[in-house]
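Throughout the sequence shown, residue numbering follows our numbering, covering 1 to 468 in sequence. Note that CB positions come from ideal geometry on N, CA and C, so glycine has one too. Take a look at the structure below.
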Amino acid sequence: MAPIQVKKICCIGAGYVGGPTCAVIAAKCPHIEVTIVDLNKARIDAWNSDHLPIYEPGLDEVVKGARGKNLFFSTDVDKAIAEADLIFVSVNTPTKKSGIGAGFAADLNYLQLATRRIAEVSTSSKIVVEKSTVPCRTADAMRTILEANSKEGCKFDILSNPEFLAEGTAIADLFAPDRVLIGSLQTQSGLDACQALMSVYANWVPKERILTVGLWSSELSKLAANAMLAQRISSVNALSAICEATGASIDEVAYAVGRDSRVGPKFLKASVGFGGSCFQKDILNLVYLSESLHLPEVARYWRAVVEMNEHQKDRFARKVVDTLFNTITGKKIAMLGWAFKKDTGDTRESPAISIANHFLSEKARITCYDPQVTSEQMWLDLTDYGSIPAEPIKPHFSVCQSAEEACANAEAIVICTEWDEFKELNWEKIYENCPRPAFVFDGRLMLDRKRLQKIGFTVVTIGTGDRL
Ligand code: NAD
């Protein structure tokens with residue numbers, strides 16, 4: 001049989017993954033027409049405008065280079081599904097809020113609705129690709145839904161193609177991925193579908209970086225990769241507490257440990273804790289999977305990674321309070337950074353939110369600045385999307401247009417996100433406008449501690465004790 005030629009791609013879900021991933025496919029494959037669809041009209045309008053709905057370095061150029069040529073954004077989900085030969089499903093798979101497995105299991109409602117739509121609308125055979133991060137064996141459920149709702153003569157091959165991009169470096173990651181992982185059933189039809197998707201990526205990804213595995217291995221690999229990355233952060237953060245108590249320095253310890261080629265230097269930066277929409281969700285998913293497979297010890301092992309992260313955020317907030325002589329009531333605290341990491345406007349599960357809530361519970365006055373997060377988003381986060389009344393918080397939280405404005409007269413400056421611009425601030429001038437003693441809490445280990453101390457600041461960092 002002749003290899004399947006992919007001519008039209010539809011991506012369901014125009015979010016942090018679907019948008020950049022399929023924009024890069026369009027940029028790298030001018031012979032393929034790519035349509036990214038979403039039910040959220042405001043999001044699609046933004047993708048079609050000069051102000052894209054997400055901030056990622058390099059994304060503007062990629063989108064604007066291909067949009068209107070072979071890249072389209074639309075709310076017409078049915079049309080894009082019907083016309084495509086290959087469909088990425090890149091919808092959100094959040095943690096379940098209620099019911100069985102609440103707080104742990106993945107909520108697959110969006111994925112199942114999208115799958116059902118594919119079956120109902122398709123009048124020809126399709127390759128359906130799981131791009132969303134899903135529990136192991138989700139493709140089984142998708143296949144059942146597709147087969148139960150499909151029209152006669154339509155055949156669906158399901159592939160798993162998890163996304164490993166990191167927000168903040170998404171475009172660089174997509175242009176030169178460490179690996180592209182494709183999982184398929186080991187049937188002729190599954191292998192043919194796999195070959196078709198491989199031929200898309202082969203337009204720019206070297207062959208040796210395209211890995212093909214079984215469907216279930218691919219699904220589990222994504223959860224495993226995130227769990228292991230988060231575990232590294234929790235490990236280094238656990239060590240940071242020991243450093244603070246002993247006078248060791250976590251930067252030095254991480255440097256020494258990372259020089260072992262079996263460990264490697266990446267992802268060993270101590271911090272206020274990990275955030276983002278994926279790490280916690282995916283580990284909890286693994287915990288749920290382990291429990292449902294009657295593996296309680298395995299579940300406990302992975303759960304500890306999340307617990308350590310919660311502890312680190314809490315420990316940092318307490319350290320601020322302790323250092324400010326055990327009371328922050330009425331004190332002005334400047335928070336620099338709200339996004340969960342630099343170079344993104346994404347605030348999902350950002351440690352800054354937990355830290356702010358801690359300060360607010362003690363009635364501090366927060367002034368916050370982040371170069372990419374809007375005031376609207378900060379208020380959505382603080383009120384948990386409207387479920388907590390904003391009025392009582394209003395006198396205690398204000399959003400500033402610059403770091404200098406946030407820091408003016410602050411009794412403490414707390415770095416929550418490692419934005420490069422915080423390194424370049426005129427710290428001398430900021431010091432002049434601070435009451436004494438002037439405290440900087442570096443939750444990201446990013447500032448030049450000695451320089452700040454020379455200016456006059458008392459600097460408190462993660463993983464560095466006072467016993468220097
Ligand atoms: P997102 O919330 O930013 O985007 C998902 C989009 O899907 C939303 O805009 C939503 O409106 C749309 N959607 C939901 N149901 C739909 C339907 N039936 N039809 C059309 N549109 C629909 O989510 P995201 O961050 O892009 O993540 C998507 C998936 O990728 C998740 O499973 C996530 O775990 C995974 N992932 C995320 C990242 C990341 O860094 N954000 C990285 C790797 C994998």
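- Assignment of Phe397 by DSSP, reduced to helix, strand and coil, places it in the strand class.
- Rounded to whole angstroms, the gap between the alpha carbons of Val6 and Glu167 is 28 Å.
- For Phe279, the CB contacts under 6 Å within the same chain, skipping 5 residues up- and downstream, are Asn226, Ala230 in chain order.
- Taking 8 Å as the cut-off, the C-beta of Asp282 counts as close to a heavy atom of the ligand NAD.
- In the structure shown, the three-state DSSP call for Met446 is coil.
- Within 8 Å of the C-beta of Asp38 there is at least one heavy atom belonging to the ligand NAD.
- Beta bridge pairing from DSSP links Leu360 with no other residue.
- Around the beta-carbon of Phe325, fewer than 16 other beta-carbon atoms lie within 10 Å, marking it exposed.
- CA-CA distance, Leu39 to Val77, rounds to 7 Å.
- Pairing Phe359 with Ser350 gives a Cβ-Cβ distance that is not under 9 Å.
- Ranked by Cα distance from Ala80, the options Val213, Phe439, Arg179, Ile12 are led by Ile12.
- Comparing C-alpha distances from Ser217 to each of Thr329, Leu239, Thr133 shows the shortest one belongs to Thr133.
- Following the DSSP letters along the chain, one finds Thr115 inside the alpha helix (DSSP H) bounded by residues 109-121.
- Minimum Cα-Cα distance from Asp346 among the listed residues Asp370, Ala356, Pro392, Lys363 corresponds to Asp370.
- Considering only Ile355, Met446, Arg451, the residue with the shortest C-alpha distance to Tyr431 is Arg451.
- Between Phe73 and Val37, the alpha-carbon positions lie close to 6 Å from each other.
- In the DSSP assignment, Ala193 falls within the unbroken alpha helix (DSSP H) covering 188-201.
- The continuous alpha helix (DSSP H) containing Thr144 extends over residues 138-149.
- With a cut-off of 8 Å on Cβ pairs, the stretch 239-257 is not in contact with the stretch 205-216, counting fewer than three such pairs.
- Between the alpha carbons of Ala14 and Asn237 lies a gap of roughly 34 Å.
- Assignment of Phe279 by DSSP, reduced to helix, strand and coil, places it in the helix class.
- The Cβ neighbour count for Asp381, taken over all protein chains shown within 10 Å, is at least 16; the residue is labelled buried.
- Within its own chain, the residues whose Cβ lies closer than 8 Å to the Cβ of Arg449, once the five positions on either side in sequence are excluded, are Asp442, Val459, Thr461, Thr464, listed in chain order.
- Counting along the chain, the unbroken alpha helix (DSSP H) around Lys41 starts and ends at 41-47.
- Cβ-Cβ separation between Leu108 and Thr138: approximately 7 Å, consistent with a contact (criterion under 8 Å).
- Comparing alpha-carbon positions, the option among Arg259, Val128, Glu404, Ile328 lying closest to Asn357 turns out to be Ile328.
- Contact between the stretch 50-63 and the stretch 81-101 is absent: fewer than three C-beta pairs spanning the two stretches fall below 8 Å.
- With respect to the 9 Å criterion, Gln195 and Ile4 are classified as neighbours on the basis of their beta carbons.
- Note on the stretch 253-337: whole alpha helix (DSSP H) runs with a minimum of 4 residues are 279-292, 296-323, in chain order.
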